[in-house]
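Undergrad: Take this structure, written in structure tokens, and hold onto it; I'll ask about it next.
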């Protein structure tokens with residue numbers, strides 16, 4: 506019989522300080538403010554930048570796979586400053602020909618050519634994004650989403666024209682030691698509770 510493990514996660518509001526391991530939170534700044542570290546530190550050098558409005562439908566508070574982009578940063582924000590959520594894990598790309606990292610975890614080579622260590626479920630953090638701000642993901646940051654409660658939402662998206670062709674890698678969570686589904690547990694004006702159901706496979 507399959508064993509079932511239940512882990513409860515709670516989303517936290519994304520801020521520049523708590524999101525720094527995954528990328529940046531970019532907030533409004535005064536007009537004519539000079540470029541500095543508070544601005545998105547982009548890497549779009551590996552192809553043609555693509556900036557577009559991404560229309561999403563039926564993206565509820567759950568996911569069954571997680572993705573990273575190995576050679577490009579990515580920026581996401583809502584048109585209208587609506588509330589949305591994102592699951593992330595730190596970049597785990599490896600510049601090595603080893604088969605295991607220094608913790609003994611298996612190193613995998615992707616079909617895109619780069620190497621990485623598959624993230625553990627314990628590495629996933631859920632962030633809530635509200636208001637006029639956008640997120641920039643570092644190269645290699647694992648992300649699942651955007652997720653939201655309504656039927657549809659529009660996002661502006663800055664990546665490369667080839668991001669989802671040449672530089673993207675998705676892991677189906679069933680390939681992890683446990684398969685996972687994030688499910689909405691409770692919602693208030695202050696926080697969102699998320700429950701993570703994990704079934705050993």
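Residue numbers (this note's numbering): 506 to 706.
The beta carbon of each residue, even a glycine, is placed where N, CA and C say it ideally should be.
1) Compare the Cα-Cα distances from residue 640 to each of 593, 520 and 530 and report the closest residue.
2) Within 10 angstroms of its Cβ, does residue 562 collect 16 or more other Cβ (buried), or is it exposed?
3) Looking at residue 660 and residue 583, is the spacing between their C-beta atoms short of 8 Å?
4) Excluding the 5 residues preceding and the 5 following residue 554 in the sequence, name in chain order all residues of the same chain whose CB lies nearer than 8 Å to its CB.
5) In whole angstroms, give me the CA-to-CA distance for residue 533 and residue 609.
6) Between residue 636 and residue 617, what straight-line distance do the alpha-carbon atoms span, to the nearest angstrom?
7) With DSSP as the reference, label residue 683 as helix, strand or coil.
8) Could you have a look at residue 664 and say whether DSSP puts it in helix, strand or coil?
9) Using the Cα positions of residue 576 and residue 551, report the straight-line distance between them to the nearest angstrom.
10) Helix, strand or coil for residue 571 per DSSP?
11) Work out the CA separation of residue 556 and residue 545 for me, nearest whole Å.
12) Put residue 518 into one of helix, strand or coil per three-state DSSP.
13) Mark residue 559 as exposed unless 16 or more other C-beta atoms lie within 10 angstroms of its C-beta, in which case mark it buried.
14) Cβ of residue 653 within 8 Å of Cβ of residue 527?
15) Which parts of the segment 613-667 are runs of the beta strand (DSSP E), unbroken and 3 residues or longer, counting only runs that do not cross its ends?
16) Could you check how far apart the C-beta atoms of residue 615 and residue 645 are, in whole angstroms? I think they sit under 8 Å.
17) Residue 651 and residue 581 - do their beta-carbons sit closer together than 8 Å?
18) Could you check if residue 516 is buried or exposed, using at least 16 other CB atoms within 10 Å of its CB as the buried criterion?
19) From this set, 592, 612 and 590, which residue's C-alpha is nearest residue 600's C-alpha?
20) Quickly, what does DSSP pair residue 550 with across the bridge? List them, please.
TA: On the basis of the supplied data:
1) Nearest option by C-alpha distance: 530.
2) Flag for residue 562 reads exposed.
3) Result yes, Cβ atoms of residue 583 and residue 660 sit closer than 8 Å.
4) 663, 664, 665 and 666, listed in sequence order.
5) Taking the straight line from one Cα to the other gives about 43 Å.
6) Going by C-alpha positions, residue 636 is about 35 Å away from residue 617.
7) Residue placement at residue 683 is flagged as unreliable, the pLDDT there being 38, under the threshold of 50; a coordinate-derived value is accordingly withheld.
8) Residue 664 falls in the strand class under three-state DSSP.
9) A direct Cα-to-Cα measurement between residue 576 and residue 551 gives close to 7 Å.
10) Correct three-state label for residue 571: strand.
11) Rounded to the nearest whole angstrom, the CA to CA distance from residue 545 to residue 556 is 14 Å.
12) Residue state, collapsed to three classes: strand.
13) Under this definition residue 559 is an exposed residue.
14) With a cutoff of 8 Å on beta-carbon distance, residue 653 and residue 527 are scored as not near each other.
15) Taking only runs of at least 3 residues, the beta strand (DSSP E) segments lying wholly in the segment 613-667 are 630-634, 639-642, 647-652 and 657-665.
16) The pair is not a contact, with the Cβ atoms about 11 Å apart (cut-off 8 Å).
17) Yes, these two residues count as a Cβ contact at 8 Å.
18) Under this definition residue 516 is a buried residue.
19) The shortest C-alpha separation from residue 600 is found at 612.
20) Note: residue 550 sits in no beta bridge, so no partner.
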